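Worksheet for the structure shown next.
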Amino acid sequence: MIEIPAATDIRIPETRQRVMLALSKLHQRYKTDWKPEDVFAECVNGKAELFENKQGFIILKVNTNRFNLHKTLFIWILHSYQASNNVLAEERYFEWLKALAKDVNAKSIQFETYRAGYERILPKEWQTKMISYSWSVE
Numbered sequence: 547m548i549e550i551p552a553a554t555d556i557r558i559p560e561t562r563q564r565v566m567l568a569l570s571k572l573h574q575r576y577k578t579d580w581k582p583e584d585v586f587a588e589c590v591n592g593k594a595e596l597f598e599n600k601q602g603f604i605i606l607k608v609n610t611n612r613f614n615l616h617k618t619l620f621i622w623i624l625h626s627y628q629a630s631n632n633v634l635a636e637e638r639y640f641e642w643l644k645a646l647a648k649d650v651n652a653k654s655i656q657f658e659t660y661r662a663g664y665e666r667i668l669p670k671e672w673q674t675k676m677i678s679y680s681w682s683v684e
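Offset between the sequence shown (1-based) and this note's numbering: plus 546.
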């Protein structure tokens with residue numbers, strides 16, 4: 547069973563080392579537009595929040611739509627220490643995310659991914675809103 551993650555201070559040396567290592571691997575593997583130091587700064591400055599458990603971690607942000615001012619709980623980074631875990635498919639985890647979204651008055655929960663196939667495992671409440679394609683012209 548997936549354990550619900552707890553808010554965690556990324557400045558704690560052991561946490562920082564573990565999370566920064568995972569972020570470095572994600573950055574290298576997926577060529578992310580963020581660097582691990584960017585994520586660290588966002589967490590330290592209160593613009594993002596880290597939640598961690600034995601299975602992995604999730605970094606959340608609250609984004610506000612500039613047109614309608616609706617808030618969205620944005621799953622910025624989700625990482626499992628064990629490749630087989632997919633916490634977004636766990637109902638208990640989904641309920642925890644919904645409660646967090648309500649706590650910050652968010653109207654929705656959103657995430658983006660470098661991996662295809664989430665529609666096969668996500669609960670039916672998740673809807674595909676947009677698919678992003680990128681073409682580098684450099």
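Every residue, glycine too, gets a C-beta built ideally from N, C-alpha and C.
In this text, all values refer to a predicted model and were calculated from it rather than measured experimentally.
Two segments are said to touch when three or more pairs of C-beta atoms, one from each, lie closer than 8 Å; by this definition the region 584-604 does not touch the region 612-619. By the Cβ-count criterion, P669 is exposed, with fewer than 16 other Cβ atoms from all chains shown falling within 10 Å of its own Cβ.
Around the beta carbon of L567, a 10 Å sphere encloses fewer than 16 other beta carbons of the protein chains shown; the residue is thus reported as exposed. For secondary structure counted as the alpha helix (DSSP H) over 4 or more consecutive residues, the region 549-615 holds these complete runs in sequence order: 559-576 and 582-590.
Annotation: the continuous alpha helix (DSSP H) that includes W642 extends over E637 to D649. Under the criterion of beta carbons closer than 8 Å, W622 and L643 do not qualify as touching, at roughly 13 Å.
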